[in-house]
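K.L.:
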Amino acid sequence: MTDQIFQGYRGRALETLKKYNVRVWGQAYIETTRGVFRGTVLPRAENDDDMHLVLKIDTGYNIGINITTINTMKETGFKKANYKIPEKEFPYSDDRPNVKLFGTGGTIASRLDYRTGAVIPAFSPGELYGAVPELADICNINTEKLFAVFSENMGPEQYITLAKAIGKEVENGTNGIIIGHGTDTLHHTAAALSFMVQNLPVPVILVGSQRSSDRPSSDAALNLIHASYAAGHGDIAEVLVCMFGPTSDEYGFLHRGTRVRKMHSSYRSTFRTIGDTPAATVRRNGLGHIKKDYNPRRKDKKVKIMPFFDEKVTMLYYYPHMKPDVLDSLVDQGYKGIIIVGTGLGHVNRELYPALERARDKGVAVFMTLQTIWGYVHMMVYETGRDMMAKGVVPLGNMLPEVAWVKLGWALGQTNDPEKVKEIMLTPVCDEITEREPYNGYLVYQGGVNEVEEFVRKFRK
Amino acid sequence: MRRFSPKRNYESTRKKIGYVPLSDATEKDYKRIGFKSGLEVHQQLDTASKLFCRCPAGIYHDSDDYDAEVIRHMRPTLSELGEYDGTALMEFKTRKEIVYRLNNDNACTYEVDDTPPFPLDREALDIALEISLLCKLNIVGEVHITRKQYLDGSIPTGFQRTAILGVEGEIELSNKKVRLIQLSIEEDSCREISDVGHTRIFKTDRLGMPLIETVTYPDMFTPWELAEAAEYIRFLNRSTGKVRTGIGAGREDVNVSCEGGSRVEVKGVAHNKWIPLLSHNEAFRQYALLHIREKLNLRIKDADKYKISYRQVSLNNSDLISDPVKKAFDANMHVYAIKLPGCHSILSHFTQPGKVFADEISDRLKVIACIEKPNMTHSEEIEAFLPPDYWKKISDFTEASDDDALMLLWGPEDDIPTALETVEERIQLALEGVPNETRKSFPDGTTIFERVLPGKDRMYPDTDSAPIPLKDDTIEEIRSRLPESVADRIKKMRKWGIPEDTYKYILSKNLYPLIVSISNDFGFEPKRIGTFLGHRFKNIEGRMKAHKNFNHNIIYKLFGFLHSRGLEFEIADPMLKVLYEHPKMRHESILTTINFRKKKSNDIIAPIDFLFEKFTEEKKSKNNDCATNWLMGQVRKQAVGNINLSELRQKIEQRIKGDD
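Residue numbers (the working numbering), protein chains in the order written: chain G, 1 to 461; chain U, 1001 to 1660.
See below:
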């Protein structure tokens, strides 16, 4: 009960409120050594200090009052805010495709959470329609909240739940699936679903937002509009990530789930296809196909769900002069699979060799990926590479390190036989290893050069 | 149709509401209409960096000088209290594509909202706190960064980061105290390059620069009081010496209402001298709108159900293809004939000098429906360009009666639904009285609709920033080095006998501290320094172009030199003229340049006897003043800097008297 009345306050601030009998949402008159303040007492974020009260003053601004300056205060009224996203009934229509939206905790539409000061998502079809009415022109949306976790807390357990839920929804005959997801590990989940859900007859679109939907310039609404189009009308029946193409509100990209990576901590255009081109662009009213080979949409429901994952897999990001005990301790901890993220073409130092041999002898599957992100592991070029292969390290081509980690967990979830694991790892399911890298698969241009500046000024909105 | 002259209607309605020009208005007029106004004064702070990122502040560039562009659309979000803001919904209706131009010299990824905010600039916070203390505000215990929604695109995030530093203060004008509501620190917005149709272009150079906003209560009851308050706040801000000056560095929003009217905000008034006329006209505009309401309410009973009616004009309506209709067709636009029931004589009703109620509709069509002007014409144009029989045809076409007014509206097909809604809404609002609006000002003293006045529903805590505690020590430290208040400065200058006509210049240039330091450090009389700065220096500044390195400290050093060399005050003027253009020139060299030679006062006075004899020989004038002036003229050149000129004059006068 106290929690309700004094939401978020603790320690000395809580004592002060109790002492003067002032509640959260109470209108307060406060005399302090700095003068008189009037306003509504707001909840306080739990992680903030216990020395201040938060007050919303009449002009709508918030201020903090230091409790040690308070001479006296009293509650003069009480009015609790009712924060609710306007819910409108979603106008379903037989003419439009049915799309299922699974919620995992991302912020497509959201409201304020006083406990943490952060935002929490709104989710029901009515709430979504209230926030993004354009959705109703695209498809019929049904929603289901599978769990509410932040992106960084998503893991194998959630991948499996999602895979099964997708399978069930395909059985139910949906025309497309959207998964709302936080962006930090969006590409890990995309990779996991690419392996766990195979032979899809409909699109599975993962979408998030880089700017929470509580701000007018959020990318959430447009991303959701793009995702709805791709899920409901798009012809690519694969696991795809749908996020901003440029940083401007223009078009989105559909990235293949195994080739996509978050490349900037805060840009809207943070997701990029690595070593290839995106599958397509998407706008409010259509897809622009870039890649010609894709799995087209089908009428059947023959999806194959492979919900396997062994959590005893890890990644080792190599640094110069790494000591063998690092690798040894992972092996001793019982890890069955290790993805090394090596330098250059896929190298580690000679000092690690005994540890690599030890790992191989204990039956640990060790694979090599790259810190360079772009390019292929080439262990035949230098002697060191050949030495390492002799010690059981298997190069993974141009598989992205995070994707390799996901795939190894998925492979070990199916078998412990080192040869079979190796075979699974080296047999591409959906482009996690590609045979060739197109020339335009690596485009990290540098600013300052005239032709790049000209391009940026003219085209890169 | 009944005979009706829109021009006469305009004039008679202006008379009816008792509009008088500002120059003829008296306090009585303002009492009659219940003039009430307050201010929101924006002032840029002179910091090295912007407020929430480390881009340099104060570097501007031309509209075409940019490295990249970013496009955004704005979408309304809920406020903290769970409401949508009215302005936000209006802006959403306008469906604008907003383009931002970025220059790498003064903008980074923060400006376009691709990077979260960095910690608030401490230098800016300290300056803002200093001004808050000068405003006698109650300083908050903890600064909470708040997001204030702006969907017009002027800020790429869609909100302005802003925070209250103090509430409930006051300033002291000549006749009264004016209460202050609050002072906030905030990031400045983008500068608009253009706004045509559905595209609005901004540049981001000014965006994010630290700004404070001082908000007064509506305590001003005449335009002059309002102007005085604006000046006072400007001087107060400048008294710290830590704020920016120049075009756009200080801007006022003027809140005006008349009795029974509504708060209307006239935005972005760049010059304080425009304030009286703008507030005057706005109060009378509201008074006129109340008069319109009275008229309409007599004719229209059920205000809630008011509806306009309209018909599309097509090529088939051959007898309706007038000149504007043809032009609209040529531009691929759709044209609608609209009947405004009960609005006869309303469209030509006076609202502002040279403006009528129809302008209120046209302005909104431009802003809300994004249809460029001219976007309409109507049956009560002051300078009619469509003949009465044409309007008779429109009247028949729309089945209108004599009580109705008629409009032709044109625009791109997609904008028509919003346009028709906008017209109807404006009449509905007229039935209620004065809509809450922000209005854009023009140098001629008139205003146009800018947007619906936002409320407190657009506030939202900034979840990207932590609160900043303000400790007592910090505040006391800043308090210990506060400059004197502007009111005290005025009192002191009066006591010292500095002429009143110099105060405005001295305060606006913040020269007061210079008077005090020259007087304290070098023993010159404050009255002489003040007069010198307020007359001679002002004159120099008005006529000559300063070198970029010239600053007030150079004047200070000049008087230090005079003091150390025992030179008289008068030499300051010719020396300063040289320093103003060559601030690095050595003082000794300047003396040579202006042909100064050091002389003892006796040597200067010595030839007076001889000269006076010469005067009495040549000039027959018996007038002593005449003699004194002539003698002063003869010796002045050698005297300046060597002897106090008024002492010299006394000596000459004594000599003449002695001779009598």
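From the three backbone atoms N, C-alpha and C, an ideal C-beta is built for every residue, glycine too. What you are looking at is a predicted structure, and each value in this text was computed from that prediction instead of being measured.
Specify whether the stretch 1263 to 1282 of chain U and the stretch 1015 to 1032 of chain U touch according to this definition: at least 3 beta carbon pairs, one from each stretch, less than 8 angstroms apart.
P.N.:
yes
K.L.:
Run through DSSP, which three-state label would residue 1142 of chain U get?
P.N.:
Residue 1142 of chain U: strand per DSSP, three-state reduction.
K.L.:
For residue 14 of chain G, report the span of its alpha helix (DSSP H) as first-last.
P.N.:
11 to 20
K.L.:
Alpha carbons only, please: which of G:136, G:52, G:381 and G:21 is nearest the one belonging to residue 13 of chain G?
P.N.:
G:52
K.L.:
State the start and end residues of the unbroken beta strand (DSSP E) segment that holds residue 317 of chain G.
P.N.:
313 to 317
K.L.:
If we define contact as Cβ-Cβ less than 7 angstroms, is residue 1197 of chain U a contact residue for chain A?
P.N.:
Considering every chain present, this structure includes no chain A. Its protein chains are G and U.
K.L.:
Taking Cβ-Cβ distances shorter than 7 angstroms, what residues in chain U pair up with residue 62 of chain G?
P.N.:
1144, 1146 and 1461
K.L.:
Classify residue 37 of chain G: buried if its beta carbon has 16 or more other beta carbons within 10 angstroms, exposed otherwise.
P.N.:
A buried status is given to residue 37 of chain G, since no fewer than 16 other beta-carbon atoms sit within 10 Å of its beta-carbon.
K.L.:
Given that a residue counts as buried once 16 or more other Cβ atoms are within 10 Å of its Cβ, and exposed if not, what is residue 109 of chain G?
P.N.:
Caution is warranted here: a pLDDT of 49 is assigned to residue 109 of chain G, below 50, making its placement in the model unreliable, and the coordinate value is therefore given only provisionally. It is buried - the Cβ of residue 109 of chain G has at least 16 other Cβ atoms within 10 Å.
K.L.:
Going by C-alpha to C-alpha distance, which of G:380, G:325, G:365 and G:330 sits closest to residue 347 of chain G?
P.N.:
G:380
K.L.:
So, is the C-beta of residue 443 of chain G closer than 7 angstroms to a C-beta in chain U?
P.N.:
no
K.L.:
Unbroken beta strand (DSSP E) runs of length 3 or more, entirely within the stretch 320 to 397 of chain G: which are they?
P.N.:
Fully enclosed beta strand (DSSP E) runs of no fewer than 3 residues occupy 337 to 342 and 365 to 370 of the stretch 320 to 397 of chain G, in order along the chain.
K.L.:
Please report the Cβ distance between residue 192 of chain G and residue 406 of chain G, rounded to the nearest whole angstrom; I am assuming they are in contact, meaning their Cβ atoms lie under 8 angstroms.
P.N.:
Right, their Cβ atoms sit about 5 angstroms apart.
K.L.:
Quick check: residue 1106 of chain U and residue 1205 of chain U, are their CB atoms within less than 7 angstroms of each other?
P.N.:
yes
K.L.:
Is the beta carbon of residue 69 of chain G closer than 7 angstroms to that of residue 16 of chain G?
P.N.:
In this structure, residue 69 of chain G does not lie closer than 7 angstroms to residue 16 of chain G by Cβ.
K.L.:
Spatial neighbours of residue 118 of chain G within its chain, please: C-beta separation below 6 angstroms, excluding the five flanking residues on both sides.
P.N.:
Residue placement at residue 118 of chain G cannot be trusted, given a pLDDT of 45 that sits under 50; what the coordinates show is reported in the next sentence. Closer than 6 angstroms at the Cβ level, and outside the excluded window around residue 118 of chain G, lies no residue.
K.L.:
Tell me the rounded alpha-carbon separation between residue 1473 of chain U and residue 1132 of chain U.
P.N.:
16 angstroms
K.L.:
Taking residue 287 of chain G and residue 230 of chain G to be in contact with their CB atoms under 8 angstroms, please state how far apart those CB atoms are, rounded to whole angstroms.
P.N.:
7 angstroms
K.L.:
Using a cut-off of 8 angstroms between C-beta atoms, extract the partners of residue 52 of chain G located in chain U.
P.N.:
1141, 1142, 1467 and 1469
K.L.:
Quick one: what does DSSP say residue 1336 of chain U is sitting in, helix, strand or coil?
P.N.:
strand
K.L.:
Tell whether a beta-carbon distance below 7 angstroms holds between residue 1193 of chain U and residue 1181 of chain U.
P.N.:
no
K.L.:
Count the CB pairs spanning the stretch 399 to 418 of chain G and the stretch 367 to 384 of chain G that are closer than 8 angstroms, and state whether there are at least three.
P.N.:
Contact between the stretch 399 to 418 of chain G and the stretch 367 to 384 of chain G is present, because at least three Cβ pairs lie under 8 angstroms.
K.L.:
Helix or strand or just coil, what does DSSP make of residue 1656 of chain U?
P.N.:
helix
K.L.:
With which residues is residue 1184 of chain U paired in a DSSP beta bridge?
P.N.:
Looking at the DSSP assignment, residue 1184 of chain U forms a beta bridge with U:1164 and U:1213.
K.L.:
Counting only beta-carbon atoms, is residue 35 of chain G nearer than 7 angstroms to chain U?
P.N.:
yes
K.L.:
What does the alpha-carbon distance come out to for the pair residue 424 of chain G and residue 411 of chain G?
P.N.:
6 angstroms
K.L.:
Per DSSP, what kind of secondary structure is residue 1421 of chain U in: helix, strand or coil?
P.N.:
helix
K.L.:
Give every residue of the same chain whose Cβ lies closer than 8 angstroms to the Cβ of residue 281 of chain G, excluding the five residues on either side of it in the sequence, and list them in chain order.
P.N.:
Annotation for residue 281 of chain G: 245, 251, 252, 253, 254, 287, 288 and 290 place their beta carbon closer than 8 angstroms to its own, counting only its chain and skipping 5 residues before and after.
K.L.:
Identify whether residue 1173 of chain U lies in helix, strand or coil by the three-state DSSP scheme.
P.N.:
coil
K.L.:
With DSSP collapsed to three states, give me the class of residue 28 of chain G.
P.N.:
strand
K.L.:
Quick one: what does DSSP say residue 1482 of chain U is sitting in, helix, strand or coil?
P.N.:
coil
K.L.:
Using a Cβ-Cβ distance under 7 angstroms, would residue 117 of chain G count as near chain U?
P.N.:
Note that residue 117 of chain G scores 45 on pLDDT, short of 50, meaning its location in the model is unreliable; the coordinates nonetheless yield the value given after this. Contact with chain U is found for residue 117 of chain G, since one of that chain's Cβ atoms lies less than 7 angstroms from the residue's Cβ.
K.L.:
Identify the contact partners of residue 48 of chain G in chain U, using a Cβ-Cβ distance below 9 angstroms as the criterion.
P.N.:
Contacts between residue 48 of chain G and chain U, judged by CB atoms closer than 9 angstroms, involve 1142, 1466 and 1467 in chain order.
K.L.:
Suppose the cutoff is 7 angstroms on Cβ atoms and the five residues either side in sequence are ignored; what does the same chain contact list for residue 1306 of chain U look like?
P.N.:
1300, 1427, 1428 and 1431
K.L.:
From the beta carbon of residue 248 of chain G, is the nearest beta carbon of chain U less than 7 angstroms away?
P.N.:
yes
K.L.:
Consider the C-beta atom of residue 1412 of chain U and the heavy atoms of the ligand ZN; say whether any pair is separated by less than 6 angstroms.
P.N.:
Absent from the structure shown: the ligand ZN. Ligands present: none.
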